[in-house]
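**Q** Below you'll find the structure I mean.
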Amino acid sequence: MQSTTENLTEAERQPAGKGGFEPTLAERVTEHLAGQIRRGLYPVNARLPTEKFMTEQYGVSRTVIREAISRLKSEGLVESRQGSGTVVLNPATAEVFRLGRGGSDPALGVVRILELRRGIEAEMAALAAERRSDRQMDDIRNALREIDSAVRAGGDGVEEDLAFHLAVSRATGNPHYTELLGMLTRALRDAIRLTRGNEARHSDLAAHVRTEHAEICAAIETQDPPRARQAAFQHMRNTEERILTAERDFWTGDSRTAAQRLAGANLSTVIRRAAEGGRTEAE
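Here's what the structure looks like:
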């Protein structure tokens, strides 16, 4: 067992402040261990210490240690091996692009996803307006109607919302947009579930979202790329604002769980699995 594990400083062990976006204890332990791995304190193929040892060394719970190890795995820095425990991988080959990192603020993680989507969705809508076929336009209209039907039936409209954006992506004529959304399906589904969950709490917000989707649809139908680009951009921007102004009690229960899943989504892992022919959803 390695004995090079260092204690977190007292400041590092303190809980995140109420006003900022400080990292959680698990994130601090993750960064601490990742730094040790990258500095060679844990060489390639070395075993990490046991949970019990790290719990005592860092002065945190087993839950924190397990979450930190899970994050290291998602970053490609360690892996579990039968009979060997958690083993260090070569940090030089670890490529990390983690989605939704927001520290102690779940809203910030969602907003970062929306910021990423803003440029993608805007250009996607513009290209769809320029290139769409009549059949693709029918698919977009049908997807919009399906959202309305799902909401009227008491559903959350998450899958239908995602289908709408996928229909727009197919209308671009560029399959990479659809492939990208496919690779991001899990993260997008969680982000959409969060935003729609917040909007469903207020009838006026739901109406605004319906109007924004309809504007994107209309701009694509009239084949007006600048209008479509602006409509999609503004839809993402408005969604960010709605998330940032959500009441505090929204960020509990299922909403917080979905936000935490977003924080653990590693795009590098998603892309690697897709390239290898594996699953296309972040785990």
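Residue 0 is where the sequence shown starts when you use numbering that gives the first Met the number 0, and the numbers rise one by one after that.
Beta carbons are placed, not taken as given, at the ideal position from N, Cα and C, and that holds for glycine.
Is DSSP giving Val-63 helix, strand or coil here?
**A** Helix at Val-63.
**Q** For Glu-78, does the count of other Cβ atoms within 10 angstroms reach 16, so buried, or fall short, so exposed?
**A** Its Cβ having fewer than 16 others within 10 Å, Glu-78 is exposed.
**Q** Could you give the distance in angstroms between the alpha-carbon of Phe-232 and the alpha-carbon of Ile-146?
**A** Rounded to the nearest angstrom, the two C-alpha atoms are 20 Å apart.
**Q** Give me, in chain order, the residues of the same chain whose beta-carbon lies closer than 6 Å to that of Gly-154; leave out the 5 immediate sequence neighbours on both sides.
**A** None.
**Q** Spatial neighbours of Gln-135 within its chain, please: C-beta separation below 8 Å, excluding the five flanking residues on both sides.
**A** Around Gln-135: Ala-127, Ala-166, Arg-169, Ala-170.
**Q** Short of 8 Å in beta carbon distance, which residues of its chain neighbour Arg-130, apart from the five on each side in sequence? Order them along the chain.
**A** Here the set comprises Ala-170, Thr-171, Gly-172.
**Q** Which value, in whole angstroms, describes the spacing of the CA atoms of Ser-69 and Ala-213?
**A** Going by the C-alpha atoms only, they are around 41 Å apart.
**Q** In three-state DSSP terms, what is Thr-244?
**A** Three-state DSSP puts Thr-244 in coil, outside helix and strand.
**Q** Return the CA-CA distance between Leu-205 and Glu-240, expressed in angstroms with no decimal places.
**A** The residue you asked about is not Leu; residue 205 is Ala in the sequence shown. Near 14 Å, if we compare the C-alpha coordinates of Glu-240 and Ala-205.
**Q** From Arg-140, Arg-226, Ile-119, pick the residue whose C-alpha is nearest to that of Ala-162; which is it?
**A** Measuring from the Cα of Ala-162, the nearest candidate turns out to be Arg-140.
**Q** Here's a check: name, in chain order, each residue in its chain whose Cβ is nearer than 6 Å to the Cβ of Ala-142, leaving out the five neighbours to either side.
**A** Counting only Cβ-Cβ distances below 6 Å, and skipping sequence neighbours, we find Ala-162, Phe-163, Ala-166.
**Q** Following the continuous beta strand (DSSP E) through Thr-85, name the residue where it begins and the one where it ends.
**A** Note, Thr-85: beta strand (DSSP E), 84–87.
**Q** On a CA-only basis, which of Ala-230, Ala-152, Gly-58 is nearest Val-28? Give me that one, please.
**A** That would be Gly-58, whose Cα lies nearest to the Cα of Val-28.
**Q** Do you know how far the Cα of His-31 is from the Cα of Glu-66?
**A** Answer to the nearest angstrom: the Cα atoms are 13 Å apart.
**Q** Is DSSP giving Ser-73 helix, strand or coil here?
**A** Of the three classes helix, strand and coil, the one that applies to Ser-73 here is helix, per DSSP.
**Q** Check whether the Cβ atoms of Arg-236 and Arg-117 sit closer than 8 Å, and answer yes or no.
**A** Yes, the pair counts as a contact, with Cβ atoms nearer than the cut-off.
**Q** Who are the near neighbours of Asp-138 in its chain, counting only those whose CB is closer than 6 Å to its CB and skipping five residues on each side?
**A** Excluding positions up to five away in sequence, the list reads Ala-166.
**Q** So the candidates are Gln-222, Gln-56, Glu-114; which of them puts its Cα closest to the Cα of Ser-132?
**A** The shortest Cα separation from Ser-132 among Gln-222, Gln-56, Glu-114 belongs to Gln-222.
**Q** Measuring straight from C-alpha to C-alpha, what distance separates Gly-34 and Gly-75?
**A** Distance between the alpha carbons of Gly-34 and Gly-75 is about 13 Å.
**Q** According to DSSP, simplified to helix, strand and coil, what is Arg-144?
**A** Looking at Arg-144 - three-state DSSP - the assignment turns out to be helix.
**Q** Of all the options Gly-82, Ile-36, Ser-60, which has the alpha carbon lying nearest to the alpha carbon of Ala-25?
**A** Taking only the C-alpha atoms, the option nearest Ala-25 is Ser-60.
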